[in-house]
Amino acid sequence: MKREFLESLGLEKETIDKIMAEHGKSVEAHKTKVDELKANLDDMKKQLEQRDNDLKQLKKQAEGNEELQTKLAELEKRYKDEKAAYEAKIKETQLNSAIKLAINGKVHDADLVASLLDKNAIELDENGNIKKGLDEQLKTLQETKSFLFVPEDSNQPKITGIKPAEGSPSAGNEPEDPFLAGFNSI
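Last residue of the sequence shown: number 186 in UniProt numbering, and the count goes up by one each step with no gaps.
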């Protein structure tokens, strides 16, 4: 969300500051989550490398023992399959996070719009940022299902009015307690 956009809507500086602070909190929450996922990914990669090294050492030690070598081959295959599944899951998580960060604030329901996208056509760079494929799909979705998107019209009418008059405390014109005033008038 850009400050200029809010200023173009005619909002006061104080209101804009509050909106930007709240928006900053949500963005920081997403960034924190992404950082946690990256740290988790790095830890898992280190564990996978350690496991691969351990398997190589066991393989060297098992030379001559066919039964042990077949078990090691089975373990290697299972670990490779698990590694491929894990990497696919990490890639999917990165892609989902990048999509949600990119469309946040542009759509009414980020999860719904993300589910309508062809994720195979979206490419990420090495930093996990969207490289290509998202903008084209968003344009198509905006043409076909525009109700999902937050309108970007700056032609919205600016609501203006008169500031109401300041009220003053009653200067003795009204009794303080209407119930007592009824008795006093009798």
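The C-beta atom is built at its ideal place from N, Cα and C for all residues, glycine as well. Just so you know, these numbers come straight off a predicted model, no measurement behind them.
Query	Result
For K132, the residue or residues it bridges with in DSSP	E123
N- and C-terminal bounds of the alpha helix (DSSP H) containing N40	13-61
Burial state of A165 (16 or more Cβ within 10 Å)	exposed
Backbone CA spacing between H23 and H30 [nearest angstrom]	11 Å
Whole-angstrom distance between T160 and N127, CA atom to CA atom	46 Å
Three-way DSSP call (helix, strand, coil) for V107 in this model	strand
Neighbour-count burial assignment, A98, 16 or more Cβ in a 10 Å radius	buried
Own chain residues within Cβ distance below 7 Å of N96, not counting five before or after	A114
Backbone CA spacing between A85 and E12 [nearest angstrom]	51 Å
Cβ contact (3+ pairs, closer than 8 Å) linking the region 98-111 and the region 60-78	no
Check whether E76 and L55 have beta carbons under 8 Å apart	yes
Cβ-based burial, I162 [other Cβ within 10 Å; buried from 16]	exposed
Nearest to K38 (by Cα), restricted to the options E4, L112, R78, T93	T93
D118 and Q137 closer than 8 Å at C-beta	yes
Bridge partner(s) assigned by DSSP for F183	Looking at the DSSP assignment, F183 forms no beta bridge with any residue, so it has no partner.
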